[in-house]
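So the sequence shown is numbered by the working numbering: it starts at 232 and just counts up by one. To start, the structure itself, in structure tokens.
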Amino acid sequence: ASHELRTPITVITGALELLEQSDLSASDVKVVDRVRRATLDMKTTIEMFLCLARETDDGLYDEQFFVMPLVRQAIDQQRYLLNGKSIDVEIDALAKPSVCGHPQAFLIAVNNLVRNAFEHTLAGQGPITILIKEHELLVTNLVSSDGDERHAPTEASSFHGHGLGLGIVQRLCERNGWSFSLRADQARVAARLSW
Numbered sequence: 232a233s234h235e236l237r238t239p240i241t242v243i244t245g246a247l248e249l250l251e252q253s254d255l256s257a258s259d260v261k262v263v264d265r266v267r268r269a270t271l272d273m274k275t276t277i278e279m280f281l282c283l284a285r286e287t288d289d290g291l292y293d294e295q296f297f298v299m300p301l302v303r304q305a306i307d308q309q310r311y312l313l314n315g316k317s318i319d320v321e322i323d324a325l326a327k328p329s330v331c332g333h334p335q336a337f338l339i340a341v342n343n344l345v346r347n348a349f350e351h352t353l354a355g356q357g358p359i360t361i362l363i364k365e366h367e368l369l370v371t372n373l374v375s376s377d378g379d380e381r382h383a384p385t386e387a388s389s390f391h392g393h394g395l396g397l398g399i400v401q402r403l404c405e406r407n408g409w410s411f412s413l414r415a416d417q418a419r420v421a422a423r424l425s426w
């Protein structure tokens with residue numbers, strides 16, 4: 232299954248690289264960027280499911296890794312979601328923790344939390360804050376302004392509305408001995424990942 236799912240993604244990625252070397256119009260560049268992001272999303276989804284489905288851990292579930300590089304990678308991968316929104320992302324690193332577990336599972340979880348925060352924060356309603364402590368990561372975003380009755384995102388509206396995101400984060404955390412919680416009200420959503 233891993234080979235059958237990953238091969239088409241590799242083919243699409245290769246075709247995109249060839250397309251990018253062509254003389255493309257500005258509108259074509261936007262389309263290619265959209266296809267590249269969709270392909271990356273598909274690759275991430277495949278990796279999430281494969282990570283959860285693995286029968287053996289190949290020793291990867293006992294690896295020591297640092298949190299900050301994975302947080303920065305997730306922010307970089309999802310930054311395009313903030314285009315045109317005028318939202319700042321504030322990282323407050325109170326510690327420089329390392330975690331024991333599966334680094335890819337951790338990145339998938341953080342990527343999902345960052346993506347949800349970036350997608351569900353309205354234009355001009357920042358900042359999105361990412362707080363890193365010795366044993367936890369907290370991602371907080373605003374979802375409505377004063378007097379605005381928009382509802383807070385729930386599990387059903389996460390991950391492009393497919394309802395996969397938070398359930399996967401929960402399962403990845405359980406598998407690695409971490410904990411995940413989400414607190415939402417009318418104004419903000421706070422996602423906490425603890426280890």
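Think of the CB as a built atom: it goes at the ideal place given N, C-alpha and C, for glycine as much as any other residue. As the structure is a prediction and not an experimental result, all values here were calculated from the model.
| Asked | Found |
| --- | --- |
| Which listed residue (246, 327, 254 and 421) has its alpha carbon closest to that of residue 267 | 246 |
| Run of the alpha helix (DSSP H) containing residue 336, from where it starts to where it stops | 334–351 |
| Alpha-carbon spacing of residue 240 relative to residue 398, whole angstroms | 24 angstroms |
| Buried or exposed (CB count within 10 angstroms, at least 16 for buried), residue 282 | buried |
| Between the CA atoms of residue 421 and residue 415 - distance to the nearest angstrom | 6 angstroms |
| DSSP beta-bridge partners of residue 321 | 360 |
| Residue span of the alpha helix (DSSP H) that contains residue 374, given as start and end | From DSSP, residue 374 is part of no alpha helix (DSSP H); its letter is neither H nor E. |
| Exposed unless 16 or more other CB atoms sit within 10 angstroms - verdict on residue 249 | exposed |
| Three-state secondary structure assigned by DSSP to residue 413 | strand |
| Euclidean distance between Cα positions of residue 252 and residue 342 | 29 angstroms |
| DSSP-derived helix/strand/coil call for residue 233 | helix |
| C-alpha distance - residue 436 paired with residue 367, whole-angstrom precision | In the structure displayed, the chain extends from 232 to 426; residue 436 sits before or after that span and is not available. |
| For residue 424: DSSP bridge partner residues | 368 and 411 |
| Beta-carbon contacts of residue 326 that lie in its chain and below 8 angstroms, excluding the five residues immediately before and after | 363, 364 and 365 |
| Distance CB(residue 297)-CB(residue 258) smaller than 8 angstroms | no |
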